[in-house]
Amino acid sequence: MTATASRPGHRAATRRRGALARAFLGPEQDPRWSRPAMWAVLAVAFVLYAWALSGDANEYYAAAVLSGTQSWKAFFFGAIDAGSFITVDKPPLALWVMGLSARIFGYGTWSMLLPQAVAGVAAVGLVYSAVRRAWCGPASSGLASERQGHVAALIAAVVMTLTPITVAINRDNNPDTVLVLLLVLAAWFCLESLRTGRLRSLLLAAFFVGLGFNAKMLQAYLVVPAFGPAYLACARVSWPKRVGHLLAAGGVLAGSSAWWMVITDLWPAGSRPYIGGSTDNSVWDLVIGYNGLGRVFGQGRGNGFGGGGGGFGGAAGAGRLFNDILAGQISWLLPFCVVALVLAVVLRVRRLDLGAGPSGAAWLLWGGWLAVHYVIFSFSSGTFHPYYTTAMAPAVAALTGMGSVLMWRAYRRSRASAWVLPLAVALTGGWSFVVLRRTPDWAPWLAWVVLGATSVAVAALVLALVLARARVRIAAVALVAAVVAGLGGPTAYAVTPLQSPTNGTNPTAGPSSGSSGRMGFGGPGGTPGDGRFPGGGNRPPDDGQGQDRSDQDGRSGAAERGGGRSGFAGRGGPGGGVGTEMAKYLLANQGEATWLVAVNSAQQASRLILSTREPVIAMGGFTGSDPAMTVDGLRSLVSSGRLRFVLSGDGGGPGRGDTEVTSWVQENCTAVDGQDGLYDCAE
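The sequence shown begins at 4 in my numbering and counts up by one.
In structure tokens:
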């Protein structure tokens with residue numbers, strides 16, 4: 004119970020406002036502006052995440068969503084095709100969210116992507132609630148402290164909403180949006196457990212982390228090194244109970260993480276899809292290999308193109324998050340967060356009391372979250388996409404909100420700490436200027452506005468310390484200028500995804516910059532107008548995992564689609580694809596076969612699935628290198644009549660022409676006249 008709640012008449016005042024009024028206006032003891040401001044931020048978030056959604060986003064996941072509406076078996080396993088030959092290379096929880104919506108409303112852009120936007124908005128609301136409740140907990144010292152908590156929560160919500168990479172990914176169908184929501188839920192319950200001392204809340208936190216595992220596997224566990232120490236250090240129970248509670252939470256975490264994996268691996272392999280991305284058709288191999296250690300250490304197929312360069316995120320190292328590719332996506336407020344954490348530590352070490360604020364648990368949890376993600380994301384040498392960094396956004400938002408209020412209180416109450424706020428504003432605005440100047444042809448005026456606002460804010464903050472009479476007015480000017488300095492850059496980046504179709508393979512926000520200093524208006528795809536790959540050099544054709552993916556930008560190579568069978572995927576993708584005429588031929592001659600055709604990779608298959616609404620076999624999974632198809636397996640499919648056509652040889656993909664499967668097709672099937680690489684295997 005908070006200090007405010009204990010005041011006489013509080014409960015009566017709360018009862019006077021009805022449930023609906025409390026939902027929109029908040030309890031009567033809250034500041035009048037607080038709840039309406041929160042709803043306004045959530046409305047802005049919804050507009051940013053849902054405005055003008057179009058297309059299939061990442062066609063790989065879109066095909067799986069569509070297939071899940073056609074087959075419950077494909078739905079459960081996360082198969083890319085309704086015939087359930089092979090799964091996507093992630094667990095299916097995020098696909099289930101979109102798939103249920105598509106089953107209810109029919110497959111389409113809005114039924115698939117709107118749940119993603121709603122999940123993004125929910126994450127913003129939870130960050131707001133977590134920060135406010137951490138501030139307005141048992142340590143609260145009255146209305147003044149609670150108002151500061153509302154301010155901190157509102158700042159956190161605004162920062163979360165305007166994080167550029169978060170805007171981009173929340174308009175997409177990658178699993179990261181659902182992952183972030185589940186991890187924020189886990190953080191909310193972990194903080195609630197620390198605030199109230201209830202074990203149930205800690206167990207719920209572990210449960211939601213486990214669900215996150217079923218969205219994106221081991222990445223969900225990056226919050227555990229933050230949650231565990233925070234509970235050990237700050238739980239309101241004895242040390243033996245803390246250890247016991249964490250062991251219980253570990254059991255819940257294991258159960259909520261492993262249930263789908265155990266069911267799938269125990270399921271007879273002959274009656275379920277091949278596990279895409281694995282080397283031995285098991286989810287366990289996918290966990291520790293392709294989606295686990297391979298991402299961190301660059302081992303095997305978990306590594307992206309360039310061998311240890313991290314693929315789309317630039318070279319691994321301490322400066323990765325500040326490079327030309329990632330800086331504009333997530334780094335804007337990282338200097339501010341570091342200053343805030345240092346100040347919080349110094350104040351606690353020196354036992355300086357600036358009034359009640361968030362508990363040490365909140366600083367430990369969000370600070371640990373940010374630190375662990377920074378280390379892993381910076382030094383991972385496997386495939387690394389910019390949109391992975393959206394997982395840092397909740398910590399950046401919470402630390403910015405709490406840090407802003409903490410620095411303001413230090414500025415007003417402590418001569419020794421008053422310099423921290425001007426320093427933080429100077430670092431933040433200065434870094435924003437550097438990032439914006441990397442693309443001097445894009446909104447060239449903005450960098451100078453940010454620099455000017457930074458100068459005004461710092462000067463006003465310093466001047467207010469000297470001129471006591473005009474301190475309030477000068478400080479007000481300083482705060483307005485500080486907001487422009489800190490949020491001008493990310494806000495400009497955040498609105499760019501609304502202006503272009505989503506690049507589902509590698510969604511980013513803002514312009515693209517290169518080492519040459521040239522720039523293009525890539526919007527959400529980050530595709531430079533001059534054809535250069537972000538970070539310098541010519542863009543290599545790729546499929547998102549380091550494979551050749553020319554003409555696979557999510558739009559080119561596909562004929563216009565009118566839904567159903569009115570249009571077909573164009574030729575392109577790894578080693579070529581299926582053109583309009585070939586697709587028409589396949590549909591006309593499919594007969595009673597389950598699958599329309601077998602192709603090399605999921606990139607080829609997904610386009611054809613979306614355009615024809617028919618199952619297509621992706622023999623090699625996402626990259627074309629999964630050992631999912633064998634000669635015996637192909638022979639069985641053909642002899643049973645479930646498959647007739649195979650796209651093989653030069654049309655099927657590079658590097659497969661000399662495989663046993665391709666050799667068998669060329670020796671036992673008949674090449675179709677006029678259809679390059681297509682073989683008819685009907686007996």
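Glycine residues also receive a C-beta, built at the ideal position from the N, C-alpha and C atoms.
Every unbroken stretch of the alpha helix (DSSP H) spanning 4 or more residues and falling wholly within the region 600 to 671 is given here in chain order: 605 to 615, 634 to 642 and 663 to 671. Counting only runs of 3 or more residues that sit fully inside the region 318 to 371, no beta strand (DSSP E) segment turns up. Beta-bridge partners of I89 (DSSP): Y277. For D683, the enclosing beta strand (DSSP E) stretches over residues L681 to D683. When C-beta atoms of the region 115 to 130 are compared with those of the region 148 to 164, three or more pairs fall below 8 Å, so the two segments count as touching. Around the beta carbon of Q502, fewer than 16 other beta carbons sit within 10 angstroms, so the residue counts as exposed. Excluding five sequence positions before and after F210, the CB atoms of its chain that fall closer than 7 Å to its own CB belong to V255 and S259, given in chain order.
Annotation: the continuous alpha helix (DSSP H) that includes P167 extends over P167 to I172. Taken through DSSP and simplified to helix, strand or coil, T403 comes out as helix. Here the region 173 to 182 does not lie against the region 397 to 416, with fewer than 3 beta-carbon pairs under 8 Å apart. Contact check between the region 264 to 284 and the region 91 to 110: three or more CB pairs, one atom from each, fall below 8 Å, which counts as touching. Remark: C-beta atoms of A189 and G371 do not approach each other more closely than 7 Å. Here the C-alpha atom of S274 lies approximately 9 Å from the C-alpha atom of S87. Excluding sequence positions up to five before and after D59, its CB lies within less than 6 Å of the CB of A65 and L613, all in the same chain and listed in chain order.
Look at the beta carbons and you see the region 458 to 473 touching the region 483 to 498: at least three pairs across the two are nearer than 8 Å.
Beta-bridge annotation (DSSP): T673 is paired with D683.
Here A126 is buried: its Cβ has 16 or more other Cβ atoms, across all protein chains shown, within 10 Å. Between the beta-carbon of G320 and that of S381 there is about 7 Å, and that keeps the pair under the 8 Å contact cut. Residue environment analysis places K219 among the buried positions, since at least 16 neighbouring C-beta atoms fall within 10 angstroms of its C-beta. Exposure of I266 is indicated by the presence of fewer than 16 other C-beta atoms within 10 angstroms of its C-beta. Only exposed fits T633, as fewer than 16 other CB atoms lie within 10 angstroms of its CB.
A contact between stretches requires three or more CB pairs, one per stretch, nearer than 8 Å, and the region 73 to 85 fails this requirement with the region 40 to 52. Excluding the 5 residues flanking it on each side, L117 has same chain C-beta neighbours closer than 8 Å at A53, L56 and S104, in chain order.
The residues S334, in chain order, have a CB closer than 7 Å to that of F325 in the same chain once the five nearest residues on each side in sequence are set aside.
Distances from the alpha-carbon of I168 to those of Q607, T499 and D676 put T499 closest. With 16 or more other CB atoms across the displayed protein chains lying within 10 angstroms of its CB, V668 is buried. For A251, the closest alpha carbon among the candidates D268, D288, P232 and R203 is that of R203.
Each residue's CA atom was taken as its position, placing W445 and L402 some 29 Å apart. Going by DSSP, P39 is part of the alpha helix (DSSP H) stretching over S37 to A53. Separation of Y391 and H376 (C-alpha to C-alpha, rounded to the nearest whole angstrom) is 10 Å. Sequence-distant partners of P34 (beyond 5 residues in either direction) whose C-beta falls short of 7 Å from its own C-beta, in its chain, are R150 and H153.
Within 10 angstroms of the beta-carbon of E663 lie fewer than 16 other beta-carbons, which makes it exposed. For the options A463, L468, L464 and A484, the alpha carbon positioned closest to that of V452 is the one of A484.
Distances from the alpha-carbon of V465 to those of L296, R415 and G644 put R415 closest. Under the DSSP definition of a beta bridge, A82 partners with T90.
Around the CB of P447, fewer than 16 other CB atoms lie within 10 Å, so the residue is classed as exposed.
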